[in-house]
Amino acid sequence: MKYKLKYKRFSETSILIEWPQKIEKSILDDILVFKEKIEQSDLFSNGFINHAYASLLLNFNDAVFDFALKIEELNGLYKQPNIKNNLNSRLWRIPVCYDKRFGIDLDDISKGKNIEIEELVKRHTTPVYTIFFIGFLPGFLYLGGLDTSLFVPRRAVPRLKIPSGSVAIGGQQTGIYPSESPGGWHIIGNSPINFFDVSKEEPCFSRSGDRLQFYAISLKEYNDIKTLVAAGVYQLKSEIIND
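Counting in the UniProt record's numbering, the sequence shown runs from 1 upward without gaps.
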C-alpha cells in the first residue's frame, strides 16, 4: 500500500516526510522500506535519517538548495516498486516483576479501571508489541499494541526520578525506562535486564520493526536474573519471526 506523503522543509539541511498520523504497523513497514530505499539511492549519499511513528527526517550534510526538485526525486523513488527488506525481525521475551514494590502505580490504575491487578498484568503481558522506534533516552523502546483497556493519561505531575528498568504505561503506549530519569508515565513493574549497554557493539539489543512480549516473573526470579545480568552471563530470550 502506498500513502499520500507530505514533504516539509524542516531546516536548511533537512526534510521531514510525514505519513498519516497513526500508530500502525503497516505505516511502520512502509517507513522502513522507504528509509532503506533512500539509504541505497544516490539521493542521499551522506547525513543521517531519523524516524518516528509516522515520519522520516532526512538530515543532509549539505544544504538542500532546490527543495522542489528534491521532493520530486524522493516522491519518484517512493513510488518505485518496493525492494525486499532483508532485515530479519526478532521477537524478544522481556521478564517483568509486577510486585508492588516496583509497580507503584498498580493500585491506582487497578482502582481507576476497575480491573483486578492480576487481570491487569495478564492484559499487559498478552499482546505482542511492535517496536516502532527508539528514542527519548538511549534504549527507550516506543511500543505499539497496548490493550485499549489499559490506556491511561500520563501523570499530571511527572516524577523527578524513575528507576532504571521501570515498566510503565502512558497514554496509548507502554515502555521501559532504560536508565534512571524523570518521567510522567505510570509505573507498573520493573525488568531486571539491561536495555542499553555501551560496552557492546550494538548497545541496544533490538531495532525498529522487532516485536516484544512481556512475561511476569516473581521477586526471586527477578533477583536471580539481576545477578546473572550483573555477571554478564544472562541470555535474553528471542526468536526470528517471519512477517
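Quick reminder that beta carbons are idealized off the backbone N, C-alpha and C, glycines included.
This structure is a prediction, so every number in the text was calculated from the model and none was measured.
Could you check which residue in the options has the C-alpha nearest to that of residue i?
{"i": "G183", "options": "I169, F196, P192 and S191", "result": "I169"}
{"i": "W185", "options": "D30, G165 and R159", "result": "R159"}
{"i": "L77", "options": "V96, Q40, F67 and L91", "result": "Q40"}
{"i": "Y129", "options": "G135, K111, I104 and R93", "result": "R93"}
{"i": "I131", "options": "V233, I176 and S166", "result": "I176"}
{"i": "A54", "options": "D66, L32, Y234 and P138", "result": "L32"}
{"i": "L219", "options": "S89, Q172, I109 and Y98", "result": "Y98"}
{"i": "K37", "options": "E73, R155, I217 and L69", "result": "E73"}
{"i": "D29", "options": "R207, K161, D66 and R154", "result": "R207"}
Contact defined as beta carbons within less than 8 angstroms: I believe residue i pairs with residue j. What is the distance between those atoms, to the nearest angstrom?
{"i": "P178", "j": "V229", "result": "Contact flag wrong, Cβ pair sits at about 13 angstroms."}
{"i": "residue 323", "j": "K25", "result": "Since the first residue of the chain shown is 1 and the last is 243, residue 323 is not available in this structure."}
Please state whether DSSP places residue i in a helix, a strand or coil.
{"i": "T126", "result": "coil"}
{"i": "I38", "result": "helix"}
{"i": "F67", "result": "helix"}
{"i": "I104", "result": "coil"}
{"i": "I193", "result": "coil"}
Taking all protein chains shown into account, do 16 or more other C-beta atoms lie within 10 angstroms of the C-beta of residue i, making it buried, or fewer, making it exposed?
{"i": "K2", "result": "exposed"}
{"i": "L141", "result": "buried"}
{"i": "T126", "result": "exposed"}
{"i": "D107", "result": "exposed"}
{"i": "D105", "result": "buried"}
{"i": "N46", "result": "exposed"}
{"i": "G189", "result": "buried"}
For residue i, write down the residues that DSSP places opposite it in a beta bridge.
{"i": "Q213", "result": "R93"}
{"i": "A168", "result": "G175 and I187"}
{"i": "L58", "result": "I15 and I49"}
Would you say the beta carbon of residue i is closer than 6 angstroms to some non-hydrogen atom of the ligand SAH?
{"i": "F60", "result": "The ligand SAH is not part of this structure, which contains no ligands at all."}
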